[in-house]
Amino acid sequence: MKKTDFVIRFAGEGGQGFQTAAQGFAAANVQAGYHAQTFATFPSQITGGPTWFQVRVSTTPVLSRGDKLDVLVAFNEYAYETHKDDVSDEGVVVYDSKMLELPDDGRSLGVPFEQLGKSTGNQRAANMVVMGCLAGLMSMPQSILEDFVSKRYANVQRYGEKTIPQNIHGLTLGREEAVKSGFALGELAPPEKPDYEQLFLNGNEAISLGAAHAGLNFYAGYPISPATTILMWMQQHYVGEDRFVYQVSSEIEAINAIIGAGYSGKKSMTATAGPGFSLMSEGLGLAWMAEIPIVVCDVQRGGPATGLPTKTEQSDLYQAMHPAHGDVSLPVIAAGSVEECFYAAIAAFNWAERYQGPVILLSEHAFEGRNQNIRKPDLSKIPVENRNIYVSNNGSDSYHRYESRELGPFPVPGGPGSYVANASEHDGMGDTTHLPERHVQMTERRFGKLKLLEDGDYESDNTEAGIAVMPWGGSKGPAREAWNEIQGNGDTELSWYYTMFLNPLPSRLLEELRTKDLVIVPELNYQGQFSSILRTQGVNAESLTQYTGLPFKVGELRQRILNRIQVDAKEGALV
Amino acid sequence: MTDKNPEYDFKWCPGCGDFGVRRALEQAVARRLTDTEEPIENTVVVAGIGCSGNMVHLLEGPQPFGIHGLHGRSLPIAFGTKMARPELNVVVVAGDGDFLSIGMEHIAPQAQRNLNVTAVIMDNAVYGLTKGQSSPTSELGMVTSSTPYGKPEEGLNALKLYLTYGVSHVASAMSSKIKDLAGMVYDAMEYPGFSIVHVQSPCTEFNDTYQELKGKPREGIPGLAWDIPDSHDTRDIRAANGIVEQGGVPLGVVYQAEPKLPLEKRVEKMNANARVRTPQEMLNSYTS
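Line by line, the protein sequences are chains A and B. For the first sequence, my numbering begins at 183 and goes up steadily by one. For the second sequence, my numbering begins at 2 and goes up steadily by one.
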């Protein structure tokens, strides 16, 4: 039987350039019609330090990075020692035989990558030799990589005429080494080429494209991992008329700048990560209080404080919902895949415009470094909501933006309906007041608007089962794969729920969850943040937590879900 | 909005310098309407927090748009509003505590950008709203509610700071000279770049400096305030530095840089070469 799945890990020192090989290998396979997902983890430094990059190629959509390795490409001894236990029993360790000596344990393949690469006449062809070798081990048609190389280096002016033949030569040399070695990992089944167009991109690119489709006018940002690439994307791709992009002097300036822009009628956004998000707290309170539409994207990393800047975690949920002092509950949309990064960004802008206030868009470090194929969105079918702007005062100046408990049109400078956007508690026109009945009225107005956001969609599956699995954000992929395996096994019945709309939750979803005996929430934080939020809303939820800076492994998660259910079954038996 | 709104319960103390600043600001905005026919709604007043921040609610007559934001953050908000809508007239009103203590980090970036807004700073050398604590411009040794044995820091020379940061247009005024102040605010709004009008605006409750500023000319006691002579070349940064080093409170335009491109024009110019694509085109570039 042919294989449906291959997992390859490149491990070594940062700056060794194997990211290019990994990325290229994934892109080539996607071009050929396979599904692929990459995963990167590295220390917070420019070069050096233990780094690894993983590629999973499959005949079906990829949900997680893959637990067991078919191939480990080790670039130094430390990498070999650290990762060798993750190699599956049938797997192979590939290494550069001129750089490293590994024990001949019958599953290691030494190839002089660097030397063979240089022999092509191209100093940088070592990556090609690696890719060719991998293709040989996987019995992958040579044409897949050759097509990719021919397309990638087609720009002769930029790459010269020799690059393509040299690289193809490198691919061939690598393949020959694999064939010579006698190792064979089985053959990947032919791809089921999807009948729709695909994109290959990472999470931050997807967020940026979503913001672009939503009609972003104003972006202010400050460099911070892992959100920096959104600022860079905006600067490189987005500037233009009515598309202001700026690197400001701090996150405090960023949040206040987008408030000033949102107030003036424009769709505005910033993206940051934990420490920057903390600095934005007071500004988010202002945006909630004065009801200014803005989108703040938090690409989560490990925390607290500087924490783990280049590792992944889902530990900012509490802060996303309640970033500021006082009575606030900010709308939160959390993307659960690269594809959802695109749709979540659009939804965040739509929410901000609809309820006239700040919206938090949560992403994760894991998506920033993850390249994945997604179905190309049909922009004509994705609705964009725009601000309901106050246009006429019928000759009087009696419109008071905040007077009604219901949301009314939004006055913008230069037009009628002038008012004060006030951080202090205020009356209908925005003047400061301390009257108890006004504070009651305005507090209820601000919370009442959240009702406009309760119609978000959600996934549900096998809903009859009383025990549910409901991950959020980036734990969706591994949790779904674990759920699929458990369901496929047939011994246990579990229902599945998922939404990216975390606050407010879709009201129908909340009703369903309340009927469950138990809702198991896999999430990457110590406190079990989402399950505790669900419990405050009357759902019997319990977390399976992990806080390693890495995503869940499917096998481990599956076992933990099964263990939890068995505990439940035992306790049930005692009663 | 106070006249129309009995619910608004904030009041400045009798004799507060901010009354004069308010009148001057109203006159400057009104003059824009008559001189340039710019409607009042085209002006956005961005206020910080403190006594001066209430300016935005206390303006009388036709109302500009207003933001009463966070303590120290009026400049970043003004940056956002101005760069999102460069056609608007954006004015910052803030006090010395707000602008020069918690908000000081925001002055330098705007100066370097030449952000095209005007900041009117009301300096009473004290935190009034929280009842009389020392501020960056309080003098060394000054006894306040937070420095009962005297302030251990030297007072900040705000005008010198603005010049050092490279603020394009710097003027210094006194709240009691309303007509002069109105003219300076008007000119600052007309100036294409970052302008600050720094106003001595005494606090009758905690730091009443009216007498000190004016002196007692009849008794031969000179005031702290003195008029910048007509002969001063406002384009000359060295002369401007000389003025702010002389001590006391100089009155008039201290410095006005040869007009250079304001930020909105710089951005326009630099982005002229950008390749502008539709979202669909951007999406297409990721097709596998």
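Even glycine gets a Cβ: it sits at the ideal position worked out from N, Cα and C.
Query	Result
For chain A, is any of its Cβ atoms less than 7 Å away from the one on residue 296 (chain B)?	No statement about residue 296 (chain B) is possible, as the shown extent of chain B runs from 2 to 289 and does not include it.
How close, in whole Å, do the beta carbons of residue 707 (chain A) and residue 496 (chain A) come, if the pair is a contact with beta carbons under 8 Å?	5 Å
Just confirm the distance between the C-beta atoms of residue 404 (chain A) and residue 433 (chain A), as a whole number of angstroms; I'd bet it's less than 8 Å.	5 Å
Are the CB atoms of residue 591 (chain A) and residue 45 (chain B) within a distance shorter than 7 Å?	no
For residue 144 (chain B) and chain A, any beta-carbon pair shorter than 7 Å?	no
If contact means a Cβ-Cβ distance below 7 Å, which residues of the stretch 6–17 of chain B contact chain A?	6, 8, 9, 10, 11
Go ahead and pull the three-state DSSP assignment for residue 671 (chain A).	helix
With residue 276 (chain B) as the anchor, note down where its beta strand (DSSP E) starts and where it stops.	Element bounds for residue 276 (chain B): n/a, residue is neither H nor E.
Flag residue 164 (chain B) as yes if its beta-carbon sits less than 7 Å from any beta-carbon of chain A, otherwise no.	no
Does any C-beta atom of chain A lie closer than 7 Å to the C-beta of residue 283 (chain B)?	yes
What do you get for residue 535 (chain A), buried or exposed, if any count of 16 or more other CB atoms within 10 angstroms of its CB means buried?	buried
Start and end of the alpha helix (DSSP H) containing residue 82 (chain B)?	75–85
By Cβ distance below 7 Å, which residues in the same chain neighbour residue 139 (chain B) in space, the five residues on each side in sequence not counted?	126, 127, 145, 152, 156
Spatial neighbours of residue 278 (chain B) within its chain, please: C-beta separation below 6 Å, excluding the five flanking residues on both sides.	none
Could you tell me which chain A residues have their CB closer than 8 Å to the CB of residue 275 (chain B), listed as they occur along the chain?	421, 422
Report the rounded CA-to-CA distance for residue 212 (chain A) versus residue 384 (chain A), giving the unit in angstroms.	14 Å
Is the shortest distance between the beta-carbon of residue 756 (chain A) and the beta-carbons of chain B less than 7 Å?	With a pLDDT of only 43 at residue 756 (chain A), under the threshold of 50, the placement of this residue in the model should not be trusted, and no figure is reported.
Does the separation of the CB atoms of residue 332 (chain A) and residue 346 (chain A) fall below 7 Å?	yes
Any idea what DSSP makes of residue 217 (chain B), helix, strand or coil?	strand
Let's see if you can read the secondary structure: which residues bound the alpha helix (DSSP H) around residue 20 (chain B)?	19–37
Output yes or no for whether 7 Å exceeds the beta carbon distance between residue 226 (chain B) and residue 234 (chain B).	no
Under the assumption that residue 679 (chain A) contacts residue 692 (chain A) (Cβ atoms under 8 Å), give the Cβ distance between them as a whole number of angstroms.	10 Å between Cβ atoms; not a contact.
Taking the Cβ atom as the reference point for each residue, do residue 516 (chain A) and residue 654 (chain A) lie within a distance shorter than 7 Å?	yes
With distances taken Cα to Cα, identify the nearest neighbour of residue 262 (chain B) among B:129, B:10, B:117.	B:117
Return helix, strand or coil for residue 479 (chain A), following the three-state DSSP convention.	strand
Within 7 Å of any Cβ in chain B, is that where the Cβ of residue 655 (chain A) sits?	no
Mind checking if residue 558 (chain A) is an interface residue toward chain D, Cβ cutoff 7 Å exclusive?	Considering every chain present, this structure includes no chain D. Its protein chains are A and B.
Comparing alpha-carbon positions, which option in B:49, B:20, B:67 lies nearest residue 41 (chain B)?	B:67
Step through the CB atoms of chain A and report whether any lies within less than 7 Å of the CB of residue 288 (chain B).	yes
Taking 7 Å as the CB-CB limit, is residue 119 (chain B) close to chain A?	no
Report yes or no: do three or more beta-carbon pairs, one from the stretch 108–117 of chain B and one from the stretch 170–178 of chain B, lie closer than 8 Å?	no
Going by beta carbon distance, what residues of the same chain come within less than 7 Å of residue 755 (chain A), once the five residues before and after it are set aside?	Caution applies to residue 755 (chain A), whose pLDDT of 49 falls short of 50 and renders its modelled position unreliable; the model cannot decide the point.
Which residues of chain B have a Cβ atom closer than 7 Å to the Cβ of residue 597 (chain A), listed in chain order?	42
Within 7 Å (strictly less), CB to CB, does residue 443 (chain A) reach chain B?	yes
With respect to the beta strand (DSSP E) encompassing residue 401 (chain A), which residues constitute its N-terminal and C-terminal limits?	400–403
Kindly list, in the order they appear in chain A, the residues whose Cβ is closer than 8 Å to that of residue 110 (chain B).	430, 431, 435
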